[in-house]
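Residue numbers (our numbering): 1383 to 1528. Here's the structure we're looking at; comments come further down.
Written out as structure tokens, the structure is:
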């Protein structure tokens, strides 16, 4: 399972970087919701990593300077790989959501959620590209593996 998660998060890192470059290039032509949604992808990944690693959390809808996004993505990637190397996938993480509700989940479930959540929102941004008449990047996992 560890190797599969490594491959999945390598894919997410690569496609977040590609998407960031496209957003940066096309920012003036995209709906104003596209960049905040990309920030949300980065924030959610950071928040889940921080819950596992007991770190400080970003705000779920925090907007970053566009110049910071590549570094945040890299930090998320590196922290996730630290989790993959050092944290038991069966470990239960106790946390509160953004509304203060308490939950418990296994690390493996959280990692799967991070990947699924990122894919979902990148798909929304790709839809924004299409609606704006911009050819989006091809982000299918299978294309990445070819």
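All residues carry an ideal CB built from backbone N, CA and C; glycine is no exception.
Could you tell me the boundaries of the alpha helix (DSSP H) in which residue i lies?
i            : result
residue 1524 : 1523-1527
residue 1489 : 1489-1513
Could you give the distance in angstroms between the alpha-carbon of residue i and the alpha-carbon of residue j?
i            : j            : result
residue 1473 : residue 1487 : 8 Å
residue 1399 : residue 1417 : 13 Å
residue 1475 : residue 1436 : 10 Å
residue 1509 : residue 1516 : 10 Å
residue 1511 : residue 1518 : 6 Å
residue 1502 : residue 1442 : 16 Å
residue 1470 : residue 1395 : 22 Å
residue 1459 : residue 1445 : 19 Å
residue 1491 : residue 1407 : 34 Å
residue 1478 : residue 1389 : 29 Å
Count the other C-beta atoms from every protein chain shown that fall within 10 angstroms of the C-beta of residue i, then say buried if there are 16 or more, exposed otherwise.
i            : result
residue 1433 : buried
residue 1422 : buried
residue 1462 : buried
residue 1485 : exposed
residue 1489 : buried
residue 1523 : exposed
residue 1385 : exposed
residue 1424 : buried
My guess is that residue i and residue j are in contact by the Cβ rule of under 8 Å, so how many angstroms apart are they, rounded?
i            : j            : result
residue 1413 : residue 1514 : 7 Å
residue 1466 : residue 1387 : 6 Å
residue 1480 : residue 1402 : The pair is not a contact, with the Cβ atoms about 24 Å apart (cut-off 8 Å).
residue 1448 : residue 1440 : Not confirmed; about 16 Å, so no contact.
residue 1507 : residue 1397 : That pair is no contact at about 11 Å.
- prompt: What beta strand (DSSP E) runs, 3 residues minimum, are completely inside the stretch 1453-1484?
  reply: Complete beta strand (DSSP E) runs here, min 3: 1474-1478.
- prompt: In the stretch 1406-1461, which residue ranges form an unbroken alpha helix (DSSP H) of at least 4 residues, counting only runs that do not cross its ends?
  reply: DSSP runs (the alpha helix (DSSP H)) wholly in the stretch 1406-1461: 1416-1435.
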